Every structure is written in structure tokens, then in C-alpha cells.
Amino acid sequence: MKRKTFFLHLWLLIFILSSLLFALSLPSLLSFTLRISEVNAQNPGTNLDPDSDPDSDLGIEPIPQPEVELIHKVEIFQGGSILVNDSLILRNPGIQSIDSFVLGFPEEFKGYLDHFFAYDDLGERLSLENESLSLPGIFAFRIRLSKALLPMEETRITILLVFSRIISFSTSLQRYEIQVFLNPILSFNLSRFSSEIAFPKTLTPVNYPENLTLVVKDGRKALILNASSNLQSFTSYKAKISFQGNLQVLSIKNLRRRVEVSMEGVIRVFDDYQIENPIAKKVSSVNVTLGKGAKGIAVEDSLGPLAFTERALNKTLEGMEGVEVQLNLRDEIGLGELASFTVSYELPRHIYASSGGGVWNQVLSLRLPFGFKAKVVRLLVQFILPEQAQFLNASSNLGQGILEVVSGIASQSRQVIFWNAKEVSFLEEPSFLVSYAHSILWSTLQPMVFTLLIAILAYGFLQYRPKAPPERVAPGVSLEAVKGFIEACGRYMELELEFDRLRDEFDRRKIGSSQYRKMTNVLNERKRETERTLLETGNTLRKLGGRYENIVVEIEEAKAQMETIRMSLENLRDQYRLGRISRVVYERLLREYSRRLEGERTKVRRNLEALRG
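Whatever position you read off the sequence shown (first residue = 1), add 236 for our numbering.
Listed below in C-alpha cells is the structure:
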């Protein structure tokens, strides 16, 4: 009994001591709990306290926050590539300099991103670094400025993101579908913000969210985001859009480009394409754009020639120059299927030469755009130099080339420069500058030179005729008549040039139509007076016969031809102005008429010189 009483008293003593210790530690525990509650109240999930630094909450090194204006544009291209162009104006309102900032987009688009470029206002490419955020669902980059943005300064940054395989095709609805983000995700608020999705002229959006508005700009349709001018930090707008029309969606798996340069400087290009269809819509034809001035075009695959059509592109209407080739594939290709073909063509001369010491140094400058705006998975470029050419140096935006000597090309050993590249964006159109030398051996050229000299001397001997003394003006015809005819012809030629100058100023809109008509009437009146003088003095000279009559007749024939050509020129301008002929035909005929007109003027000048003699 005494033992039980002892244990009961012991447990009672332990309970009293424990209660006393708990009472003494209660204020500290309440203070700790209160601090935890305050922290949790300031940071519930991803809702950031405006007075705190958002970067520090997301695991980003704290930096001063700029004031930002953003213009966000999404552009869809023929070929299937999507270009996101973000133009930001950054202002530093604080007292510390800013050397970088963080930009991101929804992580679901990460798998479609091909390329990411950033440039400052001077066009200098900026450094990019992957940035890890504690906030899920964001794929982010840190962009480092080329120089720190000092307090009260501002700068403009251009960010380009290229996506592919982001467009799908609904076979049930027969429409294209795309999901895009309408703004980049930033860790700071935007003071001004606009967003636009631009479509090619051949496409029309048919289904899109209510917060987008359809507008038409220069014949192209675009969707504008109906958002407030401000954009809160870590806000993300996305949209799923359906559209229909004519769109080419392809991927270039392999492109082997072979450029052959002849001794005469002729450039022949062979493009071997291997393409893939990434959407459910079957493809039976492909549009390929070639460089300006491409000619001698041929298209074939492994089984032989392919049917194709070609047309010249108008820079005013289509925003680019060149030649578009539409080729028909031998077989349709469906989703995930491949097709291969070769397009060969000749380009205008792009070679500049300098010589010295029997050696010709030649520089080939060439830009070769891709056939359509799509990602090139693998690119191989070969420059095959002329026979007996010696490679000097080469540069390209693809990097350093590899020089090799290849035998069996046109039965001669020729030097070849190779470039290899992977994952090339359509924004990185390959450009090349290749220098090489030609050694000209006198022993090789000597027979040809002597043969040419002998031929020139023989031709000169056979064409030589003793120069007859100038005919004197026959008695009864005064020198005043000859002088008057020559002066009238001179005035007529001056009026011709004045007509050309006036027409040129009118075409370039330097003068208005009323002023043009008024000045034309004045020139026509002067021309009629000059023609009367020509007729009178010409009849006087024609009576002499012989060379005088021939000169007058030839000048009159040239005048008649000039008037005919002028009427044809006016008719040509009217047809072009009414849209009855294309710009290509107009420019070609304009050059031809101008050449003929100058030929007739030369004939008049030559006869006047003969008459003066």
C-alpha cells in the first residue's frame, strides 16, 4: 500500500513539473507560430506580394525591375513555321543598373521551339541562359543585355522565337488548327501591351476565342487581342484557332545544295530536297522559291523529270522577289511520309574579279534562301570551284568550311568547299563569300591570242576604203539651208530628251497630271515649229540628190520610227496602268522599246555628223 502511494505521488509530481515547463515555454511558441502565419499570409501559393521582390520568391537572383512596353506578334508562314516577334522597350526608373531580365512562355510549347534569338537596338545578338523557376509550367530564359541599363535610360530589345510542328489539320472539319500563346511571361508588370496573330493572304481564320478581333491589314487577315493595355506579371494568354485556305506545311529533313561555278563564271545550283509531311492533310504538290533571276530551271526525282510551273514573284504584291516553282510530286505523301526531289537552276553572275601578275582573283558573293520557310534538320552545302582554280578563302554564316579536292567532276580535279549544319532556321538564310584564283598560262593562251590578232588585221584590211573628199554644197544651194537643217535636227533631238525627262518626272510623281499636260502642250508646239523647219530645209537638200538626199531620207525614217515607238510606249503604259499586263511583261517591253528608241536616235546623230563633214 505504501508502495502504490509512492508511485502515485511520483506521477503527480511529474505532471506538475511538465505543466510548469509548458507554461514557461508558451510565449515563445506563440511568437514562433505567429511569425510562420505572417510568412504564409504573404506568400500563399504563387500570389506574390507586390511589395516583395518576385524574383526572390521564384528562385531568381533579385534584380531591379524595369518599366516595359511590349508589342507581341505571331506570324504564320507558308512552309509551316511560326515566328513570334516580341519588341520590348525597357526603361530603368530606379537607382540601380539593370544587366538582365527573365522571359518565358508556357512549358507546353517547349517541344515545338526550334530557335530563340534576342537582339539589342543596335542589332547585336544578346546572350541567353536557361533559367529555372520554382513556379511550375513556365519555360524561361535569362536575357543578358550587351551593356547595363543605367538609371533613367531606356533600350529596345527584339526577341525572335521560331516554332515548327505546331500546326495540325482536322480531316473531319477540313481545317488547320493551331494553339499559340498571346504574350510572353514576364516577372514584372507591363505598362503597355498589344498582341497580334498575322496570317498569309491565302488563309482565313474561322474559329477563335471571343477575346480576339478579326481585322484586315494590306489584304492580310489578323487577330488582335482585346486585352487591357496593362499586363500583370506571370500572366499568360493562350488561344486555339482554326483557319482554312491554301497553306503548305512541310519539314525539310535533308537539304543538299551543290553550287557549281564554271570558268566563265556561270553559277549552276542543284538543290536535293528530302521533305516530310507533318500533318494529316495529303500533299501532292510543293511550292519552292528560288533566288532572283533564276533561269534554266529543271525538276526531277530518282525516276526522272517532274512536271512544274514557274512564275516571277512581285515584291510589291508578295513582299519578296524571285521565282516560284510549283512542282507536282510523283506520289502523294501523307502524315509522316517522305518525298525527295531535285531542283536545278542557273543564277545571275555574282562574281567580281581583279587581276595582277597573270593571276585572276575572283570573289563569289551569294545568298541562297531556302525553298520555303521551314526548319532544315540537316544541311550540306558544296561549292565546286572552276577547273584549275586555286581556293583562297571563304566565309559564311554557317561557320568554317572544309576544303577538299574531288576527282571525276567533268573529268578534272576540282576544289570543293563543304559546309555542314544542323537545325537551321529559315531566319538564318545561308550566305557565302568565296575567293579563288585563276592562273593564266601564256603558253596556253598564246595560240589563241595570235589567231585573234591575225583575224582582226585581216578584217581591217578588207574593210579599208580610201576616204573620199567631202562633197561640197552644189552651186545654187546656200550653206544656210544645210546649217538650218542641222540646227533644226539638233533642236528636235533636244525636245526628244525633254519629253523623256518630263515623262520620267511624271512617272515618279514629281509633277502632277495638270502640270504634265500643260508642259506637254508647250513641248508639242515647239516640236511642230521645229518639224516645219525640218520639212522646208529637208526639201531644199533633197533636191541636190546623192548623199544629201540619202541623209535626209534616213533622218526622216528615224523620226518616223521614233514617233511609232513613242506611241507604243504610251499604249504600253496604259495597259499596265489598267492592269492588263503584269509588271514583268511591262518592264521587259519597256526595256525593249527604250533600246529601239536609242538606236533610232543614234542613227539621227550619225547622219548629222556625216552632213557636218
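Ideal Cβ positions, reconstructed from N, Cα and C, are used throughout, including at glycine. Note that this is a predicted model, so its numbers are computed, not measured.
In the three-state reduction of the DSSP assignment, Val502 falls in the coil class. Look at the segment 455 to 515 and you find these whole runs of beta strand (DSSP E), each 3 residues long or longer: 456 to 461, 474 to 481, 487 to 497, 503 to 512. Counting only runs of 3 or more residues that sit fully inside the segment 320 to 405, the beta strand (DSSP E) segments are 334 to 342, 349 to 355, 363 to 367, 374 to 385, 390 to 399, in chain order.
In summary, Thr391 is buried, with 16 or more beta-carbon neighbours lying within 10 Å of its beta-carbon over all protein chains present. Checking the DSSP bridge columns, you'll see Ala673 partnered with Asn597, Gln626. Listed in chain order, the non-local C-beta contacts of Arg411 below 6 Å within the same chain comprise Ser478, Gln480, local neighbours out to five positions each way being set aside. Counting C-beta atoms within 10 angstroms of its own C-beta, Gln314 has 16 or more neighbours from the protein chains shown and is therefore classed as buried. With contacts defined by Cβ atoms closer than 7 Å, Ser667 and Val398 do not form a contacting pair.
Fully enclosed beta strand (DSSP E) runs of no fewer than 3 residues occupy 558 to 569 of the segment 546 to 582, in order along the chain.
Secondary structure of Gly835 (DSSP, three-state): helix. Contact between the segment 401 to 410 and the segment 357 to 377 is absent, with fewer than three C-beta pairs closer than 8 Å.
Rounded to whole angstroms, Leu565 and Val519 show a C-alpha spacing of 8 Å. Residue range 411 to 417 is occupied by the beta strand (DSSP E) that includes Arg411. Under DSSP, Phe654 forms a beta bridge with Gln618, Ile638. Between the alpha carbons of Leu571 and Asp350 lies a gap of roughly 20 Å. Judged by beta-carbon spacing, Thr440 lies within the 7 Å limit of Lys457, meaning their Cβ atoms are closer than that value.
Your pair Leu628 and Ala673 checks out as a contact, with CB atoms roughly 6 Å apart and the cut at 8 Å. Here the C-alpha atom of Phe353 lies approximately 33 Å from the C-alpha atom of Arg547. In this structure, DSSP gives Asn843 a helical state, which the three-state scheme calls helix. Going by DSSP, Leu526 is part of the beta strand (DSSP E) stretching over 519 to 526. Within its own chain, the residues whose Cβ lies closer than 6 Å to the Cβ of Arg614, once the five positions on either side in sequence are excluded, are Asn490, Lys658, listed in chain order. Thr769 sits close to Ala724, with the two beta carbons spaced by under 7 Å. CA-CA distance, Leu583 to Ile620, rounds to 15 Å. For Tyr473, the closest C-alpha among the options Glu360, Tyr509, Phe429 is that of Phe429. Per DSSP, Asn786 lies in no beta strand (DSSP E); the unbroken alpha helix (DSSP H) holding it starts and ends at 782 to 813. For the set Glu665, Leu422, Gln626, Gly635, the Cα lying nearest the Cα of Val652 is the one of Gln626.
Between Leu759 and Glu741, the beta carbon gap of about 13 Å keeps them out of contact (Cβ cut-off 8 Å).
According to the DSSP assignment, Leu771 belongs to the alpha helix (DSSP H) that extends over 749 to 778.
A direct Cα-to-Cα measurement between Ala530 and Glu303 gives close to 49 Å. In the three-state scheme derived from DSSP, where H, G and I count as helix and E and B as strand, Phe544 is classed as strand. By the beta-carbon neighbour count (other beta carbons within 10 angstroms, threshold 16), Met798 is buried. Contact between the segment 772 to 786 and the segment 809 to 818 is absent: fewer than 3 CB-CB pairs across the two stretches fall below 8 Å. Between Ser406 and Gln510, the gap from beta carbon to beta carbon reaches 7 Å or more. Here DSSP, grouped into helix, strand and coil, assigns Arg428 to strand. CA-to-CA, the gap between Glu772 and Val718 works out to about 11 Å.
Per DSSP, reduced to three states, the secondary structure at Glu305 is strand.
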